[in-house]
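Okay, structure first, notes after.
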Amino acid sequence: MSFSGTNGYITKPKPRAIINPLHPLSRGLVGYWLFNEMSGSLANDISGNKNHGLITNIIPNIQGSGWGGNKFGSSLQLNGTDNYVDCGYNKSLDLTEDLTIGVIINPTTVANYRNIIGTATDRNDFTMPYDLSINTFNNVGLHLGTGSAIFTISTGSGTVPLNKNSHIIATVLGTTANIYLNGILKDTDTFVGTRQTLSKLLFGARVTNLYFWDGSIVVIYMYNRGISHSEVKQLNHDPFCNLLKAPLRRYSTFGWTGKINSVTNPAKVCGISVADINKISGVS
């Protein structure tokens, strides 16, 4: 992983961070879960699509139950037994054509399967639109139902270590599917079949009673487009590059003193009285 900042890691934005709508990597974003709440039973989607998730089988407001620390600052912490996040159904998540799924994970244990993202209705569901899981060989795979089989691309055996952060990005553009590990392309293949529709979206389980995730999930983001190789590199370098990290609050500039456009204590800006302008903190 190619991060900058303290100890090689970029600090995750705190609660109330929002998507920067002008950033190129905000185009097509349908879900963005920072998992920085650190309490409660709700995982908020900050994409604007309101795909919030309910964290199931935790004790709300008890540190360590559903939440944990990470080098990025915070994470969703699931126990591998019965914890998962239910985001339900929203049309914005029904990705039946192009898509991108990005996650930063830190697994504690692996098993036959442990799901990061699940959309299935049963154990071996040929109708799941997309699925991301790790198997006992420390191999993360993207699975797409075809209606009669399951199409898979994967990072490869032994590539995703325990107790370390790994950034996985999977893309589908047309019939071409790619999967990247820490910015490096690990597998590509041509999808053949019929893409399937969404029933519900889960984090940390394939279905509500199967293949539970054990470990941390730092962030999940999803697009309704297949991002480019260069965009993958950019997100791997800074997974929070498309966020406005300072809380944005409007307040009256009445009585404000200082400089605007290099003018000290101006009465007007662009012909508008300073007293009638709202300033946004964090934006110059």
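To convert, note that position 12 of the sequence shown is 12 in full-length UniProt numbering; the numbers rise steadily by one, no gaps.
Glycine included, C-beta positions come from ideal geometry on N, C-alpha and C.
Predicted model only: the values in this text are computed from it and were never measured.
Across the structure, I104 and G183 are spaced so that their CA atoms are roughly 12 Å apart. In the DSSP assignment, K233 falls outside any beta strand (DSSP E) and lies within the alpha helix (DSSP H) extending over 229-237. For the pair L25 and L201, the CB atoms are not nearer than the 8 Å cut-off. The criterion of a C-beta distance shorter than 8 Å is not satisfied by S228 and T119. L25 sits in a helix when the DSSP states are folded into three classes. Rounded to whole angstroms, the separation of the alpha carbons of E231 and Y113 is 29 Å. For K71, no beta strand (DSSP E) segment is defined, and its DSSP state is neither H nor E. Taking a cut-off of 8 Å on C-beta distances, the stretch 177-196 touches the stretch 144-152, as three or more cross pairs fall below it. Nearest neighbour of I217 by Cα position, chosen from T176, R27, E37, N242, turns out to be E37.
Taking C-beta atoms under 8 Å as the contact rule, N44 and V30 fail to qualify, at a distance of about 15 Å. Using a C-beta cut-off of 8 Å, the stretch 72-84 makes contact with the stretch 201-216, since at least three inter-stretch Cβ pairs fall below that distance. Excluding its 5 nearest sequence neighbours in each direction, I153 has C-beta neighbours in its own chain below 6 Å: L142, A177, I179, D187, D189, listed in chain order. The alpha-carbon of I10 is positioned some 9 Å away from that of K71. Of all alpha-carbon atoms in V172, S148, F151, the one lying nearest the alpha-carbon of N224 is that of V172. Per DSSP, G88 is one residue of the beta strand (DSSP E) stretching across 84-88. For S92, the three-state secondary structure derived from DSSP is helix. Around the beta carbon of S148, a 10 Å sphere encloses fewer than 16 other beta carbons of the protein chains shown; the residue is thus reported as exposed.
The C-beta distance from Y84 to F212 rounds to 6 Å, short enough to meet the 8 Å contact threshold. For Y211, there is no enclosing beta strand (DSSP E), as DSSP gives it neither H nor E. Note: V219 is bridge-paired with I104 in the DSSP secondary-structure output.
The three-state reading of DSSP puts V160 in coil, since its state is none of H, G, I, E or B.
Residue pairing from DSSP places N115 in a beta bridge opposite S133.
Judged by beta-carbon spacing, I117 lies within the 8 Å limit of I101, meaning their Cβ atoms are closer than that value.
Note that the C-beta distance between V219 and T121 is not below 8 Å.
Here L162 is near T108, since their CB atoms are less than 8 Å apart.
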